[in-house]
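Visitor:
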């Protein structure tokens, strides 16, 4: 039997969208606490729906790490030639303040991009692209093996169950449903809902729909 633990559910229905000229932007989560010296503190999660043939600016502060995760559509980051699409993650590490431009290269379709920012001590700027093998179902994929704590994404068939044992006893979980619905540690989460869970040693989740996609990170509290 699951033990109920402290949590905060961030329902997508109550999310405010800022309608900018080039994109609609939603704050999925923002850490308002002043946390000094904590490595990999989750700082902010944003969702960008970038309009066709448009671009949008994302500002990174010094000592921030950001994951750019396309959910649909095709994008370019800054002036790099490689086209990024669903199934790939772009990771930036910023040792100093810098601007990152996300360009939707399609002229007939919007692009949906999740941007996840962490506070982390960084000595030099870096950039890399990770491939996420979402063809293999009912399996968790590492989003970035460069993290000193785990972050996963996976696509699951209906009624498939997953479990994850946290690496650090004092850590919590940030989770988000990218598609479909899940029972996530005994809490119903539907499309684009997110959750923070504390005082947890083992995470359990069950897909409640076909082609359900879940994303979660183990994070310091």
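Residue numbers (our numbering): 3 to 223. Just so it is clear, CB atoms sit at the ideal spot from N, CA and C, and this is done for glycine as well.
Can you have a look at residue 82 and say buried or exposed, based on whether 16 or more other CB atoms are within 10 angstroms of its CB?
Guide: By one-based count along the chain shown, residue 82 stands at place 80. It is exposed - the Cβ of residue 82 has fewer than 16 other Cβ atoms within 10 Å.
Visitor: If you draw a straight line from the C-alpha of residue 204 to the C-alpha of residue 136, how long is it?
Guide: Taking the first residue of the chain shown as position 1, residue 204 is located at position 202. Taking the first residue of the chain shown as position 1, residue 136 is located at position 134. Computed Cα separation, rounded: 23 Å.
Visitor: Given that a residue counts as buried once 16 or more other Cβ atoms are within 10 Å of its Cβ, and exposed if not, what is residue 62?
Guide: Taking the first residue of the chain shown as 1, we reach residue 62 at position 60. Classification for residue 62: buried.
Visitor: Closest by CA to residue 192, which one among 155, 166, 183 and 198?
Guide: For this step, residue 192 is matched to residue 190 along the chain shown. Answer by Cα proximity: 183.
Visitor: What is the DSSP secondary structure of residue 101, counted as helix, strand or coil?
Guide: As a position in the chain shown, residue 101 is number 99, starting the count at 1. Strand.
Visitor: Taking one C-beta from the region 207-221 and one from the region 163-182 each time, how about it: are there three or more such pairs within less than 8 Å?
Guide: yes
Visitor: If you reduce the DSSP assignment to three classes, tell me which class residue 9 lands in.
Guide: As a first step, residue 9 is located in the chain shown; it is residue number 7 there, counting from the start. In the structure shown, residue 9 sits in a strand (DSSP, three-state: E or B).
Visitor: How many angstroms separate the CA atom of residue 89 from the CA atom of residue 213?
Guide: Counting from one through the chain shown, the residue named residue 89 turns up at place 87. Counting from one through the chain shown, the residue named residue 213 turns up at place 211. For residue 89 and residue 213, the distance between alpha carbons rounds to 14 Å.
Visitor: When the Cα atoms are used, what is the spatial distance from residue 21 to residue 120?
Guide: Taking the chain shown and counting its residues from 1, the one referred to as residue 21 is at position 19. Taking the chain shown and counting its residues from 1, the one referred to as residue 120 is at position 118. Rounded to the nearest angstrom, the two C-alpha atoms are 25 Å apart.
Visitor: Note down, one range per segment and in chain order, each beta strand (DSSP E) of at least 3 residues found wholly within the region 11-89.
Guide: 19-21, 25-32, 43-52, 57-62, 66-74 and 76-79
Visitor: Contact defined as beta carbons within less than 8 Å: I believe residue 59 pairs with residue 101. What is the distance between those atoms, to the nearest angstrom?
Guide: Here the question's residue 59 lines up with position 57 in the chain shown. Here the question's residue 101 lines up with position 99 in the chain shown. At roughly 6 Å, the Cβ-Cβ gap stays under 8 Å, so residue 59 and residue 101 are in contact.
Visitor: Measure the alpha-carbon distance for residue 57 versus residue 144 and round it to whole angstroms.
Guide: Your numbering for residue 57 matches position 55 in the chain shown. Your numbering for residue 144 matches position 142 in the chain shown. Using only the alpha carbons, I get a separation of about 28 Å.
Visitor: Check each candidate in 195, 75 and 194 and name the one with the smallest Cα separation from residue 113.
Guide: What you label residue 113 is simply residue 111 of the chain shown in a count that begins at 1. Closest option to residue 113, Cα to Cα, is 75.
Visitor: Could you spell out the range, first to last residue, of the beta strand (DSSP E) harbouring residue 130?
Guide: As a position in the chain shown, residue 130 is number 128, starting the count at 1. From DSSP, the beta strand (DSSP E) with residue 130 extends over 128-133.
Visitor: Rounded to whole angstroms, what's the CA-CA distance from residue 43 to residue 108? Just pull it up for me.
Guide: Counting from 1 along the chain shown, the entry for residue 43 is found at position 41. Counting from 1 along the chain shown, the entry for residue 108 is found at position 106. Cα to Cα, the separation comes out at about 34 Å.
Visitor: Per DSSP, residue 165 forms a beta bridge with which residues?
Guide: To locate residue 165, count along the chain shown from 1; it is residue 163. 206.
Visitor: Here's a check: name, in chain order, each residue in its chain whose Cβ is nearer than 6 Å to the Cβ of residue 17, leaving out the five neighbours to either side.
Guide: Mapped onto the chain shown, residue 17 falls at position 15. Excluding the 5 residues flanking it on each side, residue 17 has same chain C-beta neighbours closer than 6 Å at 28, in chain order.
Visitor: Measure the alpha-carbon distance for residue 178 versus residue 134 and round it to whole angstroms.
Guide: Stepping through the chain shown from its first residue, residue 178 is reached at position 176. Stepping through the chain shown from its first residue, residue 134 is reached at position 132. In a straight line, the C-alpha of residue 178 is about 17 Å away from that of residue 134.
Visitor: Are residue 155 and residue 138 closer than 9 Å when you measure CB to CB?
Guide: Indexing the chain shown from 1 puts residue 155 at position 153. Indexing the chain shown from 1 puts residue 138 at position 136. Not a contact, by the Cβ cut-off of 9 Å.
Visitor: Buried or exposed for residue 195, please, with buried defined as at least 16 other CB atoms from any protein chain shown within 10 angstroms of its CB.
Guide: For the purposes of this step, residue 195 is taken as residue 193 along the chain shown, with counting starting at 1. Residue burial is scored here from C-beta neighbours: residue 195 has at least 16 other C-beta atoms within 10 angstroms and is therefore classed as buried.
Visitor: Going by alpha carbons, who is nearest to residue 216 out of 202, 162 and 201?
Guide: For the purposes of this step, residue 216 is taken as the residue at position 214 of the chain shown. Ranking the options by Cα distance to residue 216, first place goes to 162.
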